[in-house]
Amino acid sequence: MGRAPCCNDKVGIKKGPWTPEEDIILVSYIQENGPGNWRSVPTNTGLLRCSKSCRLRWTNYLRPGIKRGNFTPHEEGMIIHLQSLLGNKWAAIASYLPRRTDNDIKNYWNTHLKKKLKIFPSATNNIPQLASASTTYNSHSGLNKLTEKSSVYASSAENISRLLEGWKDKLTQKIPESHDDHQGEKGIKSDDQEKFGFVHEQNKQKLTENNNSPLTFLEKWLLDESAGMEQLPSVF
DNA sequence: AAAGGGTTCAACCGCGGCCTT
DNA sequence: CAAGGCCGCGGTTGAACCCTT
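The working numbering applies: residue 5 is where the first sequence begins, and numbers increase by one.
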């Protein structure tokens, strides 16, 4: 079928890391118009980015409710199990971890879990073991320091304010702790999450239809957010 | 203190599929 | 029905960061 002309065919399209200004423009626009119709985003916002880039930035970084940083043993176990069931269907896996992006899960799989599965080849059958082992693994890696202060991002405004912090720090080359001001907030409503909420129910239904028993376990497991790994069904 | 190697992750690329005309 | 256009997904890349020597 007709393939979209690649963005990089166009002149004047900016690539590379997004600046906080660009983020603010994008978030403000989506705040007003909602996500979708990505084709029109660059035109309407004046951003020198291609539509794909805008969509990616939104879904992987700016979207409200995205959780970043360390994966919990519970999440890790889910990823491992879902990956063994579904293969590299990161979007499908992400639909079971609504606060994580497919890109995040994919990265985490490629950088952490693949290695761990090499070290613990039987781990897919014994996720709790792997998960606790991974905690040990994490605490020895440099990443741990990086992600130590990770937190749950409640809104795109918070995402941006964090970005601004980082940006400002880079500029000044000073890293003062405890900046909690939210200069990035531009009246972004607290009901963002509801407005742009995650629509995963259909996906879940599809998957459960296709693959009944294991995912039913997972459904229960996932829905019981407070459940720790120790409460996993014995099949794990 | 500096260099080199390894790791991480944000962003890009290209393909496939769905929708519209 | 066919062609074109757009969106979403998975794989890959490369800059930035961290660790080791």
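Virtual Cβ for every residue (Gly too), placed ideally from N, Cα, C.
Which listed residue (the options) has its alpha carbon closest to that of residue i
i	options	result
Lys18	Asn41, Ser55, Asn37	Ser55
Thr23	Lys120, Arg72, Ser57, Ile97	Ser57
Gly16	Leu30, Leu52, Val45, Tyr33	Leu52
Lys71	Trp42, Lys118, Val31, Ile109	Ile109
Phe75	Leu117, Asp27, Pro46	Leu117
Gly73	Ser44, Arg103, Ser88, Arg61	Arg103
Assigned exposure category for residue i - 16 Cβ within 10 Å defines buried
i	result
Leu86	buried
Glu25	exposed
Pro21	exposed
Gly91	exposed
Gly50	exposed
Glu36	exposed
Asn148	Confidence is the limiting factor: at Asn148 the pLDDT is only 37, short of 50, which leaves the residue's position unreliable, though a coordinate-based value still follows. Exposed, since its Cβ has fewer than 16 Cβ neighbours within 10 Å.
Ser99	buried
Lys119	exposed
Gln47	The sequence shown places Thr at residue 47, rather than the Gln named in the question. Counting Cβ neighbours within 10 Å, Thr47 comes out exposed, since fewer than 16 surround it.
Asn215	For Asn215, the predicted structure reports a pLDDT of 46, less than 50, and the residue's modelled location is therefore unreliable. The matter cannot be settled from this model.
Alpha helix (DSSP H) segment containing residue i, residue limits
i	result
Trp94	94-98
Thr23	Unbroken run through Thr23: none, as it is neither H nor E.
Asn48	44-49
Ile109	106-112
task: Would you mind listing the alpha helix (DSSP H) stretches within the segment 57-87 that are 4+ residues and don't spill past its ends, in chain order?
output: The qualifying runs do not exist here; there are none.
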